[in-house]
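Enquirer: Okay, handing you the structure first.
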């Protein structure tokens, strides 16, 4: 957990009008995330990512919601 800086995952979803757009999940290695990794509390990471939105983290669901709100999907 000490060498990890962050994790970014993406998936392509169908865009309104054709084509595809990327939806991202972003997790930064904050002290809270590092602690959850050390303690093998993977189930609590989603909550920590949601809480870390101000630091730039986002769940895939948050990304999809934003894309929908912007009329892209």
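Residue numbers (this note's numbering): 2 to 74. Positions of the beta carbon are idealized from the N, C-alpha and C atoms, including for glycine.
Can you list, in chain order, the residues of its chain with a C-beta nearer than 7 Å to that of residue 58? Leave out the 5 residues immediately preceding and following it.
Expert: Around residue 58: 27, 28, 29, 50.
Enquirer: Where do the N-terminal and C-terminal ends of the beta strand (DSSP E) with residue 5 fall, by residue?
Expert: Element bounds for residue 5: n/a, residue is neither H nor E.
Enquirer: What distance in whole Å lies between the Cβ atoms of residue 17 and residue 72, which are believed to be in contact at a cut-off of 8 Å?
Expert: The Cβ separation is near 6 Å, so the contact holds.
Enquirer: Under three-state DSSP, which class holds residue 44?
Expert: Looking at residue 44 - three-state DSSP - the assignment turns out to be helix.
Enquirer: Spatial neighbours of residue 61 within its chain, please: CB distance less than 8 Å, with the 5 preceding and 5 following residues excluded, ordered by chain position.
Expert: So the list reads 10, 12, 24, 25, 26, once near-sequence residues are dropped.
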